[in-house]
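K.L.:
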Amino acid sequence: MVLSSGFSPHNDVLLATPSTDAEKLALVEELKRRGRASVTSGSFPHGKDLYSKAIETMSSLEKSNDKDLAVLHSNRSLCHLQMNNAKESHEDATSATCLDATYVKGFWRLGQASTALKKTQEAIDAYKNALKLDVENKALKKELKKAEQQLVKDIEEAKRREEEKDQEPELPPLPVKKTDVPKSTSTSVSSTSDSADASGEFSKSDHVRGYKIVNGKKTSFFHHEQTEEEKKLIGDITPKRLDPAQIPTNTTTKDKDVSAWNKAGTWEEKDTTEWAIQSVKDKVMEAEYQLPEGSPDPKAHVKVIDVSKLISSKKAGGTAHASVAKVRGKKRYIFEFTVCVHWQMTLGSGDICKGKLTFYDVDGTHEIGEGYDISEYSVEDGAPADARHLLERFVRNGGLRTELEKKLDEWIELFRETY
Numbered sequence: 001m002v003l004s005s006g007f008s009p010h011n012d013v014l015l016a017t018p019s020t021d022a023e024k025l026a027l028v029e030e031l032k033r034r035g036r037a038s039v040t041s042g043s044f045p046h047g048k049d050l051y052s053k054a055i056e057t058m059s060s061l062e063k064s065n066d067k068d069l070a071v072l073h074s075n076r077s078l079c080h081l082q083m084n085n086a087k088e089s090h091e092d093a094t095s096a097t098c099l100d101a102t103y104v105k106g107f108w109r110l111g112q113a114s115t116a117l118k119k120t121q122e123a124i125d126a127y128k129n130a131l132k133l134d135v136e137n138k139a140l141k142k143e144l145k146k147a148e149q150q151l152v153k154d155i156e157e158a159k160r161r162e163e164e165k166d167q168e169p170e171l172p173p174l175p176v177k178k179t180d181v182p183k184s185t186s187t188s189v190s191s192t193s194d195s196a197d198a199s200g201e202f203s204k205s206d207h208v209r210g211y212k213i214v215n216g217k218k219t220s221f222f223h224h225e226q227t228e229e230e231k232k233l234i235g236d237i238t239p240k241r242l243d244p245a246q247i248p249t250n251t252t253t254k255d256k257d258v259s260a261w262n263k264a265g266t267w268e269e270k271d272t273t274e275w276a277i278q279s280v281k282d283k284v285m286e287a288e289y290q291l292p293e294g295s296p297d298p299k300a301h302v303k304v305i306d307v308s309k310l311i312s313s314k315k316a317g318g319t320a321h322a323s324v325a326k327v328r329g330k331k332r333y334i335f336e337f338t339v340c341v342h343w344q345m346t347l348g349s350g351d352i353c354k355g356k357l358t359f360y361d362v363d364g365t366h367e368i369g370e371g372y373d374i375s376e377y378s379v380e381d382g383a384p385a386d387a388r389h390l391l392e393r394f395v396r397n398g399g400l401r402t403e404l405e406k407k408l409d410e411w412i413e414l415f416r417e418t419y
């Protein structure tokens, strides 16, 4: 476990290594007690370390209690949020709601973390789920109202930005350089004296200044008159009009992905968000899995029935984004999504189980074949109790999840092929 600092006043418990379940439970109780005290005193880094150790210890029990783990994740979510670690807070809150779908405070923490991440729609959903469990909770109603008001503001702001974008004038065409033809002019020598000096007559002081007479005109001593031999060597230097047909044209091949304003090709980015959202949905909807022969229910079949949370970052509460950037001739594929998959398993008996699982970070740093982390997994009420092990094995940890990961990898390849 990584501590917030090298030294902690709680090292006696943070570094403890209990061996039996009884010792582990006793350690968890002590960690929870100190965690509460740290949060109360505002020492959130220490609280985060204590709850992390408690989660680690509780998870190592032979029979861990999901409800207790949900509380620990919820408390650590609070610590992360107070430390401005909104992403980690969101992950812990999501874990809390997955471990215990009846834990009101878990949904409260999820709403707070989603708000901090500007995921307004997710915050609204979290507060609504919490109100289903605690209808009369005034604090939840207040937060839900604030989130809904914020969503309206976000929608208006997004609409305003779109209108401003539509009203932006089109860029003017590139100016065409015209070759100016110089006009032939005869060199005239400016007079440096008054009209009396133009007659070529020297004044008393002209010989001191260094003037001399050339072709009846007074000029500088340094003036040089070309001889006939010098003129022959130089040749005809009179400016001549250029024929446009003889002007060489630029033969450089223009890259279709580079705009006229970026001839150097230093940076060019194309927004592909709308295409990406639709193509991700289409690809994920293809995923399905038939349980194999030899499994507890070989006639069972699971498929995807819907995909949600793919909301464009240009819209209120959305975070989805995709673009292609070209930097000095090299392409970079930039994307970031949260993909919530709604699935349905039809058992051999005809019973139906439904639920959802969420891939939180699907982004451009991912390498094909690495797999994806699930931040949320839940099963709707009504699923047969004896089907839980099937869902864990063939939805959450394998089967459909494996097929979904393949589809996401296929989408990355499709993205690269298309652009």
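Using full-length UniProt numbering, you'd call the opening residue of the sequence shown number 1 and step up by one each time. Beta carbons are placed, not taken as given, at the ideal position from N, Cα and C, and that holds for glycine.
Does DSSP classify residue 324 as helix, strand or coil?
P.N.:
Along the sequence shown, one-based indexing puts residue 324 at 324. It is a strand residue.
K.L.:
Indicate the three-state DSSP secondary structure (helix, strand or coil) for residue 185 in the structure shown.
P.N.:
Residue mapping note: residue 185 aligns to position 185 of the sequence shown, counting from 1. Because the pLDDT of residue 185 is 47, which lies under 50, any placement of that residue in the model is unreliable, and the question is left without a value.
K.L.:
Since residue 420 sits in a beta bridge, which residues does DSSP pair it with?
P.N.:
In the structure as shown, the chain begins at 1 and stops at 419. Residue 420 is therefore absent and cannot be evaluated.
K.L.:
For residue 130, tell me which candidate among 107, 98, 322 and 335 has the shortest Cα-Cα distance.
P.N.:
Start at 1 with the first residue of the sequence shown, and residue 130 comes out as number 130. Nearest of 107, 98, 322 and 335 to residue 130, Cα basis: 107.
K.L.:
Under the assumption that residue 341 contacts residue 356 (Cβ atoms under 8 Å), give the Cβ distance between them as a whole number of angstroms.
P.N.:
By one-based count along the sequence shown, residue 341 stands at place 341. By one-based count along the sequence shown, residue 356 stands at place 356. Correct: roughly 6 Å between the Cβ atoms.
K.L.:
Roughly how many angstroms separate the alpha carbons of residue 226 and residue 326, rounded to a whole number?
P.N.:
Working through the sequence shown from its first residue, we reach residue 226 at position 226. Working through the sequence shown from its first residue, we reach residue 326 at position 326. If you take the alpha carbons of residue 226 and residue 326, they lie about 58 Å apart.
K.L.:
Taking the alpha carbon of residue 278 as the point to measure from, which residue in 299, 310 and 286 has its own alpha carbon closest?
P.N.:
Stepping through the sequence shown from its first residue, residue 278 is reached at position 278. Selected option, being the one with the closest Cα: 310.
K.L.:
On the three-pair Cβ rule with 8 Å, is the region 344–364 touching the region 292–302?
P.N.:
Short answer: they touch.
K.L.:
Contact between the region 283–295 and the region 393–407: three or more CB pairs below 8 Å?
P.N.:
Because the criterion of three Cβ pairs below 8 Å is met, the region 283–295 and the region 393–407 touch.
K.L.:
Quick check on DSSP: helix, strand or coil for residue 51?
P.N.:
The residue given as residue 51 occupies position 51 in the sequence shown. Helix.
K.L.:
Could you tell me which residues DSSP pairs with residue 312 in its beta bridges?
P.N.:
To locate residue 312, count along the sequence shown from 1; it is residue 312. Paired residue(s): 320.
K.L.:
Hey, would you say residue 99 sits closer than 7 Å to residue 69, going by beta carbons?
P.N.:
As a working mapping, residue 99 is identified with position 99 in the sequence shown. As a working mapping, residue 69 is identified with position 69 in the sequence shown. Closer than 7 Å, so yes.
K.L.:
Please give the ranges of any alpha helix (DSSP H) in the region 84–120, keeping only runs that are unbroken, at least 4 residues long and fully inside the region.
P.N.:
Listed in chain order, they are 86–99 and 104–116.
K.L.:
Check each candidate in 67, 101, 65 and 112 and name the one with the smallest Cα separation from residue 451.
P.N.:
Because the chain is modelled from 1 through 419, residue 451 falls outside the range shown and cannot be assessed.
K.L.:
So, helix, strand or coil for residue 241, using DSSP?
P.N.:
Here residue 241 refers to the residue found at position 241 of the sequence shown. Coil, per DSSP.
K.L.:
Short check: CB of residue 419 to CB of residue 307, under 7 Å?
P.N.:
For this step, residue 419 is matched to residue 419 along the sequence shown. For this step, residue 307 is matched to residue 307 along the sequence shown. Cβ atoms of residue 419 and residue 307: not closer than 7 Å.
K.L.:
Under the three-state reduction of DSSP, which class applies to residue 193: helix, strand or coil?
P.N.:
The residue you call residue 193 lines up with position 193 of the sequence shown. For residue 193, the pLDDT reaches just 44, beneath the cut-off of 50, and the residue's location in the model is therefore unreliable, although a value from the coordinates is still provided. Coil, per DSSP.
K.L.:
Does the Cβ of residue 96 have 16 or more other Cβ atoms within 10 Å, making it buried, or fewer, making it exposed?
P.N.:
In the sequence shown, residue 96 corresponds to position 96, counting from 1. It counts as buried.
K.L.:
Output the boundary residues of the beta strand (DSSP E) element that contains residue 420.
P.N.:
Residue 420 falls outside the range modelled here, since the chain spans only 1 to 419, and no answer is possible.
K.L.:
Going by CA-CA distance only, name the one from 390, 364 and 319 that's closest to residue 352.
P.N.:
Against the sequence shown, residue 352 aligns to sequence position 352. Ranking 390, 364 and 319 by Cα distance to residue 352 puts 390 first.
K.L.:
Could you give the distance in angstroms between the alpha-carbon of residue 54 and the alpha-carbon of residue 157?
P.N.:
Locating residue 54 in the sequence shown gives position 54, counting from the first residue. Locating residue 157 in the sequence shown gives position 157, counting from the first residue. C-alpha separation (whole angstroms): 43 Å.
K.L.:
Could you name the residues of the same chain whose beta carbon sits closer than 7 Å to that of residue 286, not counting the 5 residues immediately before and after it, in chain order?
P.N.:
Along the sequence shown, read from residue 1 onward, the residue named residue 286 stands at position 286. Hits under 7 Å: 407.
K.L.:
Assuming residue 76 and residue 48 make a contact with CB atoms under 8 Å, what is their CB distance in whole Å?
P.N.:
Within the sequence shown, residue 76 is the residue found at index 76, counting from 1. Within the sequence shown, residue 48 is the residue found at index 48, counting from 1. Right, the Cβ-Cβ distance comes to about 6 Å (below 8 Å), so this counts as a contact.
K.L.:
Within 10 Å of its beta-carbon, does residue 38 have 16 or more other beta-carbons around it, so buried, or fewer, so exposed?
P.N.:
Reading the sequence shown from its first residue, position 38 is the one you call residue 38. Counting Cβ neighbours within 10 Å, residue 38 comes out buried, since at least 16 surround it.
K.L.:
Determine, for residue 128, whether the minimum Cβ-Cβ distance to residues of chain B falls below 7 Å.
P.N.:
Any reference to chain B falls outside this structure, which holds one protein chain only.
K.L.:
Beta-carbon within less than 6 Å of residue 332's beta-carbon, same chain only, minus the 5 sequence neighbours each way: which residues are those?
P.N.:
Against the sequence shown, residue 332 aligns to sequence position 332. Cβ within range, chain order: 325.
K.L.:
Taking the C-alpha atoms as reference points, what is the distance between residue 237 and residue 231?
P.N.:
Counted from its first residue, the sequence shown places residue 237 at position 237. Counted from its first residue, the sequence shown places residue 231 at position 231. Their backbone Cα atoms lie some 10 Å apart in a straight line.
K.L.:
Select from 360, 34, 364 and 404 the residue whose C-alpha is nearest the C-alpha of residue 283.
P.N.:
For this step, residue 283 is matched to residue 283 along the sequence shown. For residue 283, the nearest C-alpha among the options comes from 404.
K.L.:
Measuring alpha carbon to alpha carbon, tell me which of 138, 319 and 142 ends up nearest residue 335.
P.N.:
Indexing the sequence shown from 1 puts residue 335 at position 335. The residue with the shortest Cα to Cα distance from residue 335 is 319.
K.L.:
Work out the CA separation of residue 101 and residue 376 for me, nearest whole Å.
P.N.:
As a first step, residue 376 must be located in the sequence shown, where it is residue number 376. As a first step, residue 101 must be located in the sequence shown, where it is residue number 101. Distance between the alpha carbons of residue 376 and residue 101 is about 11 Å.
K.L.:
Going by C-alpha to C-alpha distance, which of 386, 34 and 40 sits closest to residue 296?
P.N.:
The residue given as residue 296 occupies position 296 in the sequence shown. Of 386, 34 and 40, the residue nearest in Cα terms is 386.
K.L.:
What's the C-alpha gap between residue 126 and residue 110?
P.N.:
Locating residue 126 in the sequence shown gives position 126, counting from the first residue. Locating residue 110 in the sequence shown gives position 110, counting from the first residue. In a straight line, the C-alpha of residue 126 is about 6 Å away from that of residue 110.
K.L.:
Is residue 63 helix, strand or coil when you go by DSSP?
P.N.:
Walking along the sequence shown from the start, residue 63 turns up at place 63. Residue 63: coil per DSSP, three-state reduction.
K.L.:
Rounded to the nearest angstrom, what separates residue 124 and residue 148 at their Cα positions?
P.N.:
Along the sequence shown, one-based indexing puts residue 124 at 124. Along the sequence shown, one-based indexing puts residue 148 at 148. The straight-line gap from Cα to Cα measures roughly 7 Å.
K.L.:
For the beta strand (DSSP E) that contains residue 288, what are its first and last residues?
P.N.:
Here residue 288 is taken as the residue at index 288 of the sequence shown, counted from 1. 288–290 is the span of the beta strand (DSSP E), which, as asked, contains residue 288.
K.L.:
Report the rounded CA-to-CA distance for residue 369 versus residue 409, giving the unit in angstroms.
P.N.:
Counted from its first residue, the sequence shown places residue 369 at position 369. Counted from its first residue, the sequence shown places residue 409 at position 409. Distance between the alpha carbons of residue 369 and residue 409 is about 7 Å.
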